[in-house]
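Colleague:
Numbering (the numbering used here), first residue to last: 129 to 380.
(1) For residue 210, does the count of other Cβ atoms within 10 angstroms reach 16, so buried, or fall short, so exposed?
(2) Mind the definition here: the stretch 328-337 touches the stretch 273-280 only if three or more C-beta pairs lie below 8 Å; say whether that holds.
(3) DSSP three-state call for residue 326: helix, strand or coil?
(4) So residue 291 packs on residue 208, CB below 8 Å; how close in whole Å?
(5) Taking residue 299 and residue 282 to be in contact with their CB atoms under 8 Å, please state how far apart those CB atoms are, rounded to whole angstroms.
(6) According to the neighbour-count rule (16 or more other Cβ atoms, all chains shown, within 10 Å of its Cβ), is residue 247 buried or exposed?
(7) Can you tell me the Cα-Cα spacing of residue 361 and residue 242, whole angstroms?
(8) Cutting at 6 Å between CB atoms, please list the residues of its own chain near residue 250, excluding the five before and the five after it.
(9) What is the rounded straight-line gap between the Cα of residue 263 and the Cα of residue 333?
(10) Have a look at the DSSP bridge pairing and note the partners of residue 240.
(11) Kindly list the residues whose CB is nearer than 8 Å to the CB of residue 274, restricted to its own chain and excluding five residues on each side of it in sequence; keep chain order.
(12) Going straight from the alpha carbon of residue 285 to that of residue 328, what length do you get?
(13) Ordered along the chain, which non-local residues of its own chain (more than five positions away) have a Cβ less than 8 Å from that of residue 266?
(14) Pull up the distance between the alpha-carbon of residue 351 and that of residue 341, whole angstroms please.
(15) Excluding the five sequence neighbours on either side, which residues of its own chain have a C-beta within less than 8 Å of the C-beta of residue 325, listed in chain order?
(16) What would DSSP say about residue 196, mapped onto helix, strand or coil?
(17) With a cut-off of 8 Å, does the C-beta of residue 313 fall near any C-beta of chain D?
(18) Which residues in the same chain have their Cβ closer than 6 Å to the Cβ of residue 212, if we skip the five residues on either side of it in sequence?
(19) Assign residue 321 to buried or exposed, taking buried as 16 or more other Cβ atoms, counted over all protein chains shown, within 10 Å of its Cβ.
(20) Could you have a look at residue 285 and say whether DSSP puts it in helix, strand or coil?
(21) Exposed or buried, what is residue 295 when buried is set at 16 or more other beta-carbons lying within 10 Å of its beta-carbon?
(22) Can you check whether the CB of residue 331 is closer than 8 Å to the CB of residue 306?
(23) Grouping DSSP H, G and I as helix and E and B as strand, with all else coil, what is residue 233?
(24) What does the alpha-carbon distance come out to for the pair residue 304 and residue 254?
(25) DSSP on residue 300, reduced to helix/strand/coil?
(26) Quick one: residues in its chain with C-beta nearer than 6 Å to the C-beta of residue 252, no 5 flanking neighbours on either side, listed in chain order?
(27) Quick check on this structure: which residue in 201, 297, 256 and 288 has the alpha carbon closest to the alpha carbon of residue 347?
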């Protein structure tokens with residue numbers, strides 16, 4: 129019999145390792161089962177690690193938790209020492225500035241609007257990436273259209289309920305189909321550590337443009353530099369070919 133025959137220690141018999149020590153069928157199957165269980169559990173372990181780091185980062189005024197390795201997952205940054213949590217009862221998103229119809233949305237009202245799901249790689253300007261990440265939410269263009277943008281408006285400014293962070297996009301950028309007010313991450317409600325209950329998600333740009341804890345959308349006459357842009361980051365933050373992406377900057 130050759131080595132593939134079950135009776136001679138083939139794939140499910142008594143396999144032999146490199147040093148001639150027999151490995152029993154139960155050991156082999158147990159090893160395979162452990163490997164499969166590890167693969168199945170990996171996403172849950174990863175999310176658990178992310179939640180743990182997020183909880184620590186939320187109380188870390190130094191920002192040093194952002195330097196910790198996280199197994200290819202998200203890392204956590206905040207420009208303030210702590211951020212108040214908001215939920216369905218007290219969350220509000222305002223749309224104002226150069227618009228005909230200022231609006232004030234509750235979380236329930238945002239969830240009731242048509243939702244768009246995008247799956248893209250998240251790319252941080254510091255180098256880490258989270259591949260194939262689903263975000264779901266309301267297209268920003270829908271909120272802008274509902275508000276009635278006035279002709280003199282050329283840009284959109286975003287403010288956050290952390291009280292410090294801000295971002296801006298040109299009106300053309302803001303109207304892209306891949307720019308969302310995101311309410312879900314990985315098909316689950318957006319948690320506080322990830323900027324919930326609602327955040328900006330600008331899929332084709334570095335992640336600092338996707339402002340967390342979104343509270344205000346204001347139409348303006350021109351682009352105003354955001355928090356990190358005042359500190360030297362690019363105002364236009366397209367992820368380029370050097371990062372393995374090829375998003376067309378001017379195509380919706």
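Yeah, the Cβ is synthetic: ideal placement off N, Cα and C, and Gly gets one too.
Modeller: This is what the structure gives:
(1) Exposed is the label assigned to residue 210, since fewer than 16 other Cβ atoms lie within 10 Å of its Cβ.
(2) A contact between stretches requires three or more CB pairs, one per stretch, nearer than 8 Å, and the stretch 328-337 fails this requirement with the stretch 273-280.
(3) Residue state, collapsed to three classes: coil.
(4) Confirmed, Cβ separation roughly 7 Å.
(5) Contact flag correct, Cβ pair sits at about 5 Å.
(6) Counting Cβ neighbours within 10 Å, residue 247 comes out exposed, since fewer than 16 surround it.
(7) Each residue's CA atom was taken as its position, placing residue 361 and residue 242 some 33 Å apart.
(8) Excluding positions up to five away in sequence, the list reads 258, 261 and 335.
(9) Those two C-alpha atoms are separated by around 14 Å.
(10) Beta-bridge pairing links residue 240 to no other residue.
(11) Closer than 8 Å at Cβ, skipping near neighbours: 223, 229 and 231.
(12) Looking at the two C-alpha atoms, the distance is approximately 11 Å.
(13) These residues qualify, in order along the chain: 238, 241, 242, 243, 244, 308, 309 and 311.
(14) C-alpha separation (whole angstroms): 20 Å.
(15) Within the same chain, 214, 215, 216, 219, 235, 311, 317 and 318 come within 8 Å of residue 325 by CB-CB distance, once the 5 residues on both sides are set aside.
(16) Low local confidence applies: a pLDDT of 43 at residue 196 is under 50, so the model's placement there is unreliable, and no value is given.
(17) Included in the structure is just one protein chain, with no chain D present.
(18) Answer for residue 212: no residue qualifies.
(19) Within a 10 Å sphere around the beta-carbon of residue 321 sit 16 or more other beta-carbons, which makes this residue buried.
(20) The three-state secondary structure of residue 285, taken from DSSP, is strand.
(21) By the 16-neighbour rule on beta-carbons within 10 angstroms, residue 295 is buried.
(22) Yes, the Cβ-Cβ distance between residue 306 and residue 331 is below 8 Å.
(23) Here residue 233 sits in strand by DSSP.
(24) Distance between the alpha carbons of residue 304 and residue 254 is about 25 Å.
(25) It is helical.
(26) Result list for residue 252: 335, in chain order.
(27) Taking residue 347 as reference, the option from 201, 297, 256 and 288 with the minimal CA-CA separation is 297.
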